[in-house]
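Be aware that the sequence shown starts at 27, since it is given in our numbering, and climbs by one per residue.
Every residue, glycine too, gets a C-beta built ideally from N, C-alpha and C.
Please read these numbers as outputs of a predicted model, since none were measured by experiment.
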Amino acid sequence: MTKSLQDKVIIVTGAGRGIGREIALLCAGEGAKVVVNDPGGAADGAGSNAAPAEEVVEEIKKRGGTAVANFESVAEAIPASKIVKTATDHFGRLDGVVNNAGILRDMIFHKMSVEAFEAVIKVHLMGSFYVSHAAARIFREQESGSFVHFTSTSGLIGNFGQANYAAAKLGIVGLSKSIALDMGRFNVRSNCVSPFAWTRMIGTIPTETEAEKARVEKIKQMGPEKIAPLCGYLLGDSAKDVTGQIFGVRMNEIFLFSQNRPIRSVQRSEGWTPQSIAEHGMPALKGSFYKLDRSADIFTWDPV
Numbered sequence: 027m028t029k030s031l032q033d034k035v036i037i038v039t040g041a042g043r044g045i046g047r048e049i050a051l052l053c054a055g056e057g058a059k060v061v062v063n064d065p066g067g068a069a070d071g072a073g074s075n076a077a078p079a080e081e082v083v084e085e086i087k088k089r090g091g092t093a094v095a096n097f098e099s100v101a102e103a104i105p106a107s108k109i110v111k112t113a114t115d116h117f118g119r120l121d122g123v124v125n126n127a128g129i130l131r132d133m134i135f136h137k138m139s140v141e142a143f144e145a146v147i148k149v150h151l152m153g154s155f156y157v158s159h160a161a162a163r164i165f166r167e168q169e170s171g172s173f174v175h176f177t178s179t180s181g182l183i184g185n186f187g188q189a190n191y192a193a194a195k196l197g198i199v200g201l202s203k204s205i206a207l208d209m210g211r212f213n214v215r216s217n218c219v220s221p222f223a224w225t226r227m228i229g230t231i232p233t234e235t236e237a238e239k240a241r242v243e244k245i246k247q248m249g250p251e252k253i254a255p256l257c258g259y260l261l262g263d264s265a266k267d268v269t270g271q272i273f274g275v276r277m278n279e280i281f282l283f284s285q286n287r288p289i290r291s292v293q294r295s296e297g298w299t300p301q302s303i304a305e306h307g308m309p310a311l312k313g314s315f316y317k318l319d320r321s322a323d324i325f326t327w328d329p330v
């Protein structure tokens with residue numbers, strides 16, 4: 027059987043554990059040479075440990091694949107660029123980037139520290155930008171390449187206590203769309219994946235109430251290995267016409283998410299005043315308002 031990523035060079039950030047690890051293993055199994063990036067920090071980003079990335083590289087080699095470890099942080103521009111340099115130094119090219127690295131610092135908004143907000147933005151949003159920006163010049167020159175960025179229903183729909191994470195994850199959607207628009211002329215693709223999976227990071231979700239405990243038990247059924255196949259597909263040549271999209275994966279379900287478009291309009295020929303908006307404009311629009319849903323309010327059925 028033909029391997030879908032034969033001889034491609036793929037970077038996977040945050041690949042020491044969880045979803046990133048599964049993506050790295052799948053890509054290597056599909057014939058890719060993989061840069062396994064992970065500084066090995068805790069779920070909140072603290073500390074570092076070379077073991078997780080090294081263990082994934084060893085696992086790939088044991089299975090007959092090719093990989094190299096990288097321990098740089100995506101949260102600063104120069105270290106992030108060194109992740110890309112690792113790919114070109116070791117393998118001579120780069121074909122795909124999976125921006126998977128992430129941390130969580132959950133807190134209700136009025137109690138969230140500036141540091142907690144900035145730290146999450148730096149890893150998720152700035153990290154996705156830094157690595158993508160370093161890779162973009164290579165993709166431009168060779169006129170090919172694929173970006174897979176990780177978003178979340180925390181940003182796409184909503185969740186409690188995650189203003190930092192939600193802002194970063196919705197920012198990544200805008201980043202991905204802009205890359206798709208700017209680089210499509212060079213045959214470069216950019217897509218987002220919103221994963222539903224039990225990982226170390228999701229393990230920080232509070233389980234104080236019975237409802238929260240039940241929700242976490244459902245999430246635990248969803249292994250990170252279920253996310254990897256779609257990512258492998260998006261990195262391959264068979265996805266050459268797929269760009270600018272937002273996908274979700276939940277066990278054996280794949281979703282295509284909608285994107286922001288106007289759904290209702292009102293108009294007055296003489297223009298608006300605050301009073302006429304209150305009397306006419308807003309009542310006309312109100313029937314189409316979105317409720318303040320959380321992810322769990324929309325995905326109400328058990329994963330299949």
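Can you check the stretch 152-231 for any alpha helix (DSSP H) of at least 4 residues that lies completely inside it and give the ranges in chain order? 153-168, 179-182 and 189-209
Contact with chain B by V292, beta-carbon distance below 8 angstroms: Absence of chain B from the displayed structure is noted, only one protein chain being present.
Relative to the C-alpha of D70, which residue among H175, V60 and K148 is closest? K148
Residues of its chain near E56, where Cβ-Cβ distance is below 8 angstroms and the 5 sequence neighbours each way are ignored: K29, S30, L31, Q32, G258 and G262
Anticipated Cβ contact below 8 angstroms, V330 with E251, distance rounded: 16 angstroms between Cβ atoms; not a contact.
Any idea which residues DSSP pairs T92 with across the strands? K59
Could I get the ranges of all uninterrupted alpha helix (DSSP H) runs contained in the stretch 293-330, with 4 residues as the minimum, in chain order? 308-312 and 321-324
Pair within 8 angstroms by beta-carbon distance, A41 and V62: yes
Runs of beta strand (DSSP E) lying entirely within the stretch 68-120, each at least 3 residues, in chain order: 92-96
Just to confirm, does M248 get its C-beta within under 7 angstroms of one of the non-hydrogen atoms of the ligand FAD? This structure lacks the ligand FAD, and indeed carries no ligand of any kind.
Supposed contact pair S202 and N190 - C-beta distance, whole angstroms, cut 8 angstroms: That pair is no contact at about 19 angstroms.
Would you mind reading off the limits of the alpha helix (DSSP H) that contains I147? V140 to I147
How about P221 and I104: do their beta carbons lie closer than 8 angstroms? no
DSSP three-state label for G44, please. helix
Per DSSP, the bridge partner or partners of L256: L256 pairs with nothing; no bridge assigned.
Candidates G210, L151, I129 and A58, of which the one nearest D267 by Cα: G210
Tell me, to the nearest whole angstrom, how far the beta carbon of I198 is from that of T179; I am working on the premise that it is less than 8 angstroms. Not really, about 13 angstroms apart at Cβ, beyond 8 angstroms.
Quick one: what's got a C-beta closer than 7 angstroms to S99's C-beta in the same chain, skipping five residues either side? P65 and P105
May I ask which residues mark the beginning and end of the beta strand (DSSP E) holding N125? G122 to N125
Would you tell me roughly how many angstroms separate the C-alpha atoms of L196 and A223, rounded to the nearest one? 19 angstroms
In this structure, what does DSSP give as the bridge partners for E279? R276
Apart from the five residues just before and just after F212, which ones in its own chain have a Cβ nearer than 6 angstroms to its Cβ? R166 and E169
Distance CB(L51)-CB(I86) smaller than 8 angstroms: yes
Helix, strand or coil at I289 [DSSP, three-state]: coil
Would G270 and F281 qualify as a contact pair, given that the criterion is a beta-carbon distance under 8 angstroms? no
CB-CB length for N96 against A68, believed under 8 angstroms: At roughly 19 angstroms, the Cβ-Cβ gap does not stay under 8 angstroms, so N96 and A68 are not in contact.
Could you give the C-beta distance for T39 and G153, rounded to a whole number, given that I count them as a contact under 8 angstroms? 7 angstroms
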